[in-house]
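Chemist:
Residue numbers (this note's numbering): 5 to 313.
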């Protein structure tokens with residue numbers, strides 16, 4: 005039995021897998037891997053109390069939507085372990101981080117590497133934009149902002165049942181542009197939902213470029229505190245800082261950790277694409293070759309072997 009990987013090693017593995025996938029598939033969510041690798045590694049490898057995966061290591065095909073005639077329907081939450089009172093529950097609110105989340109599942113031994121080869125293929129449950137049947141996903145978050153509300157409702161119910169497990173949400177800062185996010189924080193504080201916490205990737209980027217160019221959200225930390233949350237602001241790439249933030253007491257209040265991150269951390273070569281970093285697709289074979297060599301060197305690996313093009 006191999007030794008459990010360190011959280012830093014998991015984060016490094018996430019970046020390598022997402023980079024390799026992007027090279028082989030002419031594009032990918034590289035900036036999300038840069039900003040969120042430590043955060044997802046921290047959640048799965050340390051912060052969450054999860055049972056062993058109860059799903060097939062190689063994800064099954066899409067099994068159809070839930071209905072009265074589809075009794076075998078399952079969500080992808082089983083990759084996070086069984087539902088039990090003592091276990092935590094995780095909601096990944098920004099579904100476009102799915103590629104990074106899948107890479108994390110592989111690194112922590114919850115999904116086989118072959119699962120990533122099924123990414124965005126017809127008939128696959130390994131969706132490009134994570135859905136409720138995708139590995140590690142429990143609900144479809146749809147428009148950003150729904151995840152925190154969903155988690156708050158579940159946490160409220162778990163507290164009323166006396167369950168020990170907490171409810172965690174991995175979020176993106178773009179959700180600060182959604183009114184439902186603020187309603188969820190206010191409601192969680194009002195109802196004393198202290199078994200709820202969130203880790204927000206503050207990379208200041210979104211689909212259409214830099215967040216401030218799309219819609220400014222102002223001082224998120226102050227606004228969250230005014231709405232009733234306990235807030236910590238940390239360097240997203242500092243694991244000790246994440247650990248200290250998670251340990252903050254927040255009885256009767258939700259805890260929200262603002263993880264200030266860089267969308268090019270570990271792949272600084274991507275800065276030539278700034279601020280359009282949401283999904284990196286190569287403009288030519290020559291650009292892909294150049295990026296392959298440059299970023300591989302930053303990651304400390306050999307360039308990815310590519311088919312002739």
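Each residue gets a CB set at the ideal place from its N, CA and C atoms; glycine is no exception.
1. Excluding the 5 residues flanking residue 214 on each side, which residues of the same chain have their C-beta closer than 8 Å to its C-beta?
2. Buried or exposed: which applies to residue 77, given that a residue is buried once 16 or more other Cβ atoms fall within 10 Å of its Cβ?
3. Specify, as a first and last residue, the run of the beta strand (DSSP E) that residue 176 falls within.
4. Which residues does DSSP list as the beta-bridge partners of residue 93?
5. Using DSSP's beta-bridge definition, name the partner residues of residue 248.
6. If we count the other Cβ atoms within 10 Å of its Cβ and call it buried at 16 or more, is residue 306 buried or exposed?
7. Touch check for the segment 94–102 and the segment 171–190: three-plus C-beta pairs under 8 Å?
8. Report the rounded CA-to-CA distance for residue 90 versus residue 118, giving the unit in angstroms.
9. Give every residue of the same chain whose Cβ lies closer than 6 Å to the Cβ of residue 313, excluding the five residues on either side of it in the sequence, and list them in chain order.
10. Would you identify the three-state DSSP class for residue 237, choosing helix, strand or coil?
11. State the CB to CB distance for the pair residue 83 and residue 114, rounded to an integer number of angstroms; the pair is presumed to be in contact (CB under 8 Å).
12. Between residue 25 and the rest of its own chain, which residues show a CB-CB distance below 8 Å, the 5 nearest in sequence each way excluded?
13. Taking residue 303 as the reference, give the member of 111, 8, 19 with the closest Cα.
14. Kindly provide the ranges of any alpha helix (DSSP H) runs that are 4 or more residues long and lie completely inside the segment 156–228, ordered along the chain.
15. What do you reckon, is the C-beta of residue 19 under 6 Å from a heavy atom of the ligand GTP?
16. Determine the contact status of residue 178 and residue 210, defining contact as a CB-CB distance below 7 Å.
17. Is residue 32 helix, strand or coil by DSSP?
18. Mind checking residue 301: buried by the 16 CB within 10 Å criterion, or exposed?
19. Roughly how many angstroms separate the alpha carbons of residue 236 and residue 145, rounded to a whole number?
20. What separation, rounded to the nearest whole angstrom, lies between the Cα atoms of residue 244 and residue 271?
21. Give the C-beta separation of residue 206 and residue 265 to the nearest angstrom, bearing in mind that I take them to be a contact with Cβ-Cβ under 8 Å.
22. Identify every run of the beta strand (DSSP E) within the segment 85–140, keeping only runs that are complete inside it and at least 3 residues long; order them along the chain.
23. My output table needs one value for residue 259: the three-state DSSP class, helix, strand or coil.
24. I need the straight-line Cα distance from residue 197 to residue 293, nearest angstrom please.
25. Identify the continuous alpha helix (DSSP H) that holds residue 295 and give its terminal residues.
Modeler: Let's see:
1. 208, 279
2. With fewer than 16 Cβ atoms within 10 Å of its Cβ, residue 77 is classed as exposed.
3. 171–176
4. 171
5. DSSP lists no beta-bridge partner residue for residue 248.
6. exposed
7. yes
8. 31 Å
9. Summary for residue 313: the model assigns pLDDT 49, below 50, so the residue's position carries little reliability; its value from the coordinates is reported in the next sentence. 289, listed in sequence order.
10. strand
11. Rounded to the nearest angstrom, the Cβ distance from residue 83 to residue 114 is 5 Å, consistent with a contact under 8 Å.
12. Counting only residues of its own chain and dropping the five nearest sequence neighbours on each side, residue 25 has a CB closer than 8 Å to the CB of 32, 103, 107, 120, 123.
13. 19
14. Counting whole runs of 4 or more residues, the segment 156–228 contains the alpha helix (DSSP H) stretches 183–194, 215–218.
15. This structure does not include the ligand GTP; it has no bound ligands of any sort.
16. yes
17. strand
18. Burial call: exposed.
19. Approximately 24 Å between the Cα atoms of the pair.
20. 22 Å
21. 6 Å
22. The DSSP assignment places complete beta strand (DSSP E) segments of no fewer than 3 residues inside the segment 85–140 at 93–96, in order along the chain.
23. strand
24. 50 Å
25. 289–303
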